[in-house]
Amino acid sequence: MKRFGKYLFYALLFLWFIIIFTPKDLLYYKGERLVKDNVVISNEVVLDEWIRMIVESGEIFAKGIKVGSFSKVALYPELWVNVLEMEGFSLDKALPMELTIDRLFVVYTPFYPIKLFLKGEGSIGTLNGWIDLRKRQVRIDIASKKQLDRMWQGIAKVEKVKEGLYRYEYRF
């Protein structure tokens with residue numbers, strides 16, 4: 000048993016060193032080239048720190064059209080849980096709807112690899128949801144005091160679940 004604990008300790012130490020010394024900025028640029036649908040992030044500053052990678056002040060373009068911008072995105076790749084934190088996202092003013100997200104967390108764990116969990120807050124209220132990778136489905140529950148079903152009519156399919164709670168569902 001003592002020998003097994005020693006091997007387990009060395010394996011975890013090895014994985015921890017891989018996480019720390021992996022060039023996260025190179026992984027970011029490789030991932031940026033692999034994204035489909037012509038989505039481009041430009042004018043960003045990529046910082047590689049020991050445990051996390053930070054992308055600051057980026058603008059998001061889809062098929063050549065500016066969709067939005069963000070102030071900071073931080074990625075924390077760890078052994079048990081991976082967290083993506085986005086701060087200060089706002090849609091471009093030329094788009095028909097107004098949306099800002101102050102803070103959004105996307106959590107992924109290798110113990111439950113088919114779902115990504117979402118939690119955030121923004122101009123429309125608080126967001127809670129998930130992305131199911133197997134069923135290829137997104138569901139976001141929005142707790143808001145605004146009437147989102149009328150505000151986004153014809154733009155996004157937001158349905159009212161009950162008073163103050165709305166649901167957005169999408170399949171990809």
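In numbering that gives the first Met the number 0, the protein residues as written are 0 to 171. The C-beta atom is built at its ideal place from N, Cα and C for all residues, glycine as well. Note that the structure is a prediction, hence the values are computed from the model and not measured.
### Task
Assign F245 to one of three DSSP states: helix, strand, or coil.
Since the first residue of the chain shown is 0 and the last is 171, residue 245 is not available in this structure.
### Message
Between the region 25-45 and the region 3-15, can you find at least three pairs of beta-carbon atoms closer than 8 Å?
### Response
no
### Query
Name the DSSP bridge partner or partners of V54?
Counting from one through the sequence shown, the residue named residue 54 turns up at place 55. BP columns for V54 point to V45 and V72.
### Query
Between the C-alpha atoms of M0 and K62, what's the straight-line distance to the nearest angstrom?
The residue given as residue 0 occupies position 1 in the sequence shown. The residue given as residue 62 occupies position 63 in the sequence shown. Those two C-alpha atoms are separated by around 57 Å.
### Query
Are Y172 and K156 close, meaning C-beta to C-beta below 7 Å?
The structure shown has nothing for residue 172, since the chain only spans 0 to 171.
### Message
Taking the alpha-carbon of E55 as reference, which of M96, K71, N37 and P22 has the nearest alpha-carbon?
### Response
The residue you call residue 55 lines up with position 56 of the sequence shown. Looking at the Cα atoms, K71 is the closest of the given residues.
### Message
In the DSSP assignment, the beta strand (DSSP E) including F88 goes from what residue to what residue?
### Response
Here residue 88 refers to the residue found at position 89 when the sequence shown is read from its first residue. From DSSP, the beta strand (DSSP E) with F88 extends over N81 to L90.
### Query
Do you know whose CA, among E58, F104, L147 and F116, lies nearest D91's CA?
On the sequence shown, position 92 is the one that residue 91 refers to. Answer by Cα proximity: E58.
### Message
Please report the straight-line C-alpha distance between E86 and L12, rounded to a whole angstrom.
### Response
As a position in the sequence shown, residue 86 is number 87, starting the count at 1. As a position in the sequence shown, residue 12 is number 13, starting the count at 1. In a straight line, the C-alpha of E86 is about 31 Å away from that of L12.
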